[in-house]
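For reference, the structure is listed below as structure tokens.
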Amino acid sequence: MKVALLGPIAWRTPPRAYGPWEQIVSLLAEGLVAQGVDVTLFASLDSVTAARLDGVVARPYNEDTSYDGRIWEALHVAHCFDRSGEFDLVHNNLDWLPLAMSGFCAAPLVTTVHGFCSPAILPAYQRARSAFVSISDADRGPGLDYAATIYHGIDVTQFPFQAAPGDALVAFGRIHPDKGTAEAIRIARAAGRRLLIAGPVHDERYHAEEVLPQIDGDQVAYLGNIGPAERADVLGAAAALLHPIGFAEPFGLSVVEAMTCGTPVVAYPLGSMPEVVDEGITGYLAGSVAEAVEVLDDALKLDRHQVRGHAVSRFSADRMVADYLRLYTRLLS
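If you're matching positions, the sequence shown starts at 1 in UniProt numbering and goes up one per residue.
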């Protein structure tokens, strides 16, 4: 089987720090190659992979601002589709833009929807010649026919079990109202616990007005946008992960990463969270600051060995790769 993986070019594949789509594409590429699939990864040319690497942009546009992302993403997609006749299947991980060009793809196209962002993009989906994969049942767009739901997987070896965590809580992800960073601060303060915040600032005004004034370096500390190795240390050392989101979370990689370290999760029940968090096993769902504080004690009593074991069984990269291989085979047959 010859597969083209069309990845994003916002960040390197795999990302140096933030870059969830790039991380998933990297794990899929490496896993497919390990299974004997002939994979060509279309990504920024500084990417690191065991697959064949091709592309048109030397560095990702979020790291090299001399590239205009809109222009180079279009050139990136066009280059992949120009070669598409060489493959049995093209797997699009670049959202709607390749769908607008799907008529130029000479191989069967499958698209993983890494978060259905807005009904405004529906025309691109409805007119596309592609099979669709959702990353959670909750994230399925209206009126679209999906070939499968395939949950993301992670490299569980990068997130080792930590049996003896510290006392601090952690909020991990973009600093943005969607991720509820300020809400996490309120929960931690109400619970009388320290909070560590990690992730890139994606809403400068929200950060300046709602988050930064609360950061004192003691009870509330900001660790910055940390890389893969530090992620495991921070998530594993936490007493619990707070994920009080303000939007319908499509999946939630940091939630799965924390659970794989054995760290329980307290999340708001929006989007995929009822699918990803198994209440009483890997964490609890809460609808407000007060409810989160109330269930936090129960979350801290969960068996961290069981939290990890359950997460590994559901969210490993090996499971994700196997799911995609089954889908590819079904679509090609």
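C-beta: ideal position from N, C-alpha, C; glycine also.
Alpha-carbon spacing of residue i relative to residue j, whole angstroms
i: Asp-38; j: Lys-301; result: 46 angstroms
i: Gln-162; j: Gly-309; result: 12 angstroms
i: Gln-35; j: Val-312; result: 20 angstroms
i: Pro-123; j: Cys-117; result: 13 angstroms
i: Leu-296; j: Leu-235; result: 16 angstroms
i: Asp-298; j: Ala-239; result: 12 angstroms
i: Tyr-284; j: Ala-267; result: 7 angstroms
i: Gly-69; j: Arg-59; result: 11 angstroms
i: Asp-82; j: Cys-105; result: 7 angstroms
i: Leu-45; j: Asp-54; result: 7 angstroms
i: Asn-62; j: His-207; result: 20 angstroms
i: Ala-100; j: Ala-258; result: 36 angstroms
i: Leu-144; j: His-91; result: 18 angstroms
i: Leu-325; j: Arg-314; result: 17 angstroms
i: Asp-218; j: Ile-281; result: 31 angstroms
i: Asp-95; j: Ile-71; result: 15 angstroms
i: residue 414; j: Asp-233; result: Because the chain in this structure spans residues 1 to 333, residue 414 falls outside the shown range and cannot be described.
i: Ala-182; j: Arg-193; result: 15 angstroms
i: Asp-216; j: Glu-73; result: 40 angstroms
i: Val-262; j: Gln-306; result: Looking at the sequence provided, one finds Gly at residue 262 rather than Val. So the alpha carbons of these two residues sit roughly 7 angstroms apart.
i: Val-48; j: Gln-158; result: 17 angstroms
i: Gln-214; j: Ser-26; result: 36 angstroms
i: Ala-237; j: Pro-200; result: 20 angstroms
i: Tyr-125; j: Asn-93; result: 13 angstroms
i: residue 351; j: Ser-66; result: With the chain represented from 1 up to 333, any question about residue 351 goes unanswered, as that position is not in the structure.
i: Ser-333; j: Phe-87; result: 15 angstroms
i: Pro-228; j: Leu-212; result: 24 angstroms
i: Phe-172; j: Tyr-328; result: 33 angstroms
i: Glu-279; j: Ala-168; result: 21 angstroms
i: Glu-210; j: Thr-260; result: 30 angstroms
i: Gly-287; j: Pro-160; result: 30 angstroms
i: Arg-231; j: Ile-24; result: 16 angstroms
i: Pro-165; j: Leu-5; result: 38 angstroms
i: Leu-28; j: Thr-112; result: 12 angstroms
i: Glu-291; j: Leu-253; result: 23 angstroms
Spatially closest choice to residue i from the options, by CA coordinates
i: Phe-42; options: Gly-31, Gly-19, Asn-62, Val-3; result: Val-3
i: Arg-205; options: Thr-149, Ala-290, Ile-185, Ile-175; result: Ile-175
i: Leu-97; options: Glu-86, Arg-129, Phe-87, Gly-180; result: Arg-129
i: Pro-244; options: Gly-192, Gln-126, Val-289, Arg-193; result: Val-289
i: Val-220; options: Leu-144, Ala-184, Val-201, Arg-231; result: Ala-184
i: Asp-139; options: Tyr-222, Glu-275, Arg-186; result: Glu-275
i: Asn-225; options: Tyr-18, Pro-213, Leu-5; result: Tyr-18
i: Pro-119; options: Val-133, Thr-112, Gly-141, Ile-135; result: Gly-141
i: Gly-85; options: Gln-126, Tyr-67, Trp-72, Thr-40; result: Thr-40
i: Leu-195; options: Ala-164, Asp-178, Leu-241; result: Leu-241
i: Met-1; options: Leu-28, Leu-32, Ile-24; result: Leu-32
i: Ile-197; options: Leu-223, Leu-5, Glu-230; result: Leu-223
Sequence-distant residues of its chain with Cβ nearer than 6 angstroms to residue i (five each side left out)
i: Val-56; result: Leu-75, His-76, His-79
i: Glu-30; result: Ala-50
i: His-114; result: Trp-21
i: Asp-323; result: Ile-150
i: Arg-52; result: Thr-40
i: Ile-121; result: Trp-96
i: Asp-178; result: Gly-246, Phe-247
i: Asp-64; result: none
Neighbourhood of residue i by C-beta distance below 8 angstroms, restricted to the same chain and skipping five residues each side
i: residue 362; result: Absent from the model: residue 362. The displayed extent of the chain is 1 to 333, so no value can be given.
i: Thr-149; result: Val-133, Ser-134, Ile-135, Ser-136, Asp-137, Arg-140
Beta bridge counterpart(s) of residue i as assigned by DSSP
i: Tyr-222; result: Ile-197
i: Tyr-284; result: Val-266
i: Phe-42; result: Leu-6, Asp-54
i: Asn-92; result: Leu-6, Thr-111
i: Tyr-146; result: Phe-132
i: Glu-279; result: Gly-283
i: Leu-242; result: Val-266
i: Val-170; result: Leu-196, Leu-241
7 angstroms CB neighbourhood of residue i in its chain, flanking five on each side removed
i: Glu-22; result: Gly-7, Pro-8, Trp-11, Arg-12, Thr-13, Pro-14, Pro-15
i: Asp-303; result: none
i: Ser-102; result: Leu-109, Ala-128, Arg-129, Ser-130
i: Val-293; result: Ile-187, Ala-190, Ala-191
i: His-202; result: Arg-174, Ile-175, His-176
i: Val-277; result: Val-255, Val-265, Ala-267, Gly-283, Leu-285
| message | With three or more C-beta pairs closer than 8 angstroms as the rule, is the stretch 148–163 touching the stretch 314–328? | response | The answer is yes - the stretch 148–163 touches the stretch 314–328, with three or more Cβ pairs under 8 angstroms.
Worksheet entry | Given 8 angstroms, three or more beta-carbon pairs between the stretch 245–255 and the stretch 268–276 | The stretch 245–255 is in contact with the stretch 268–276.
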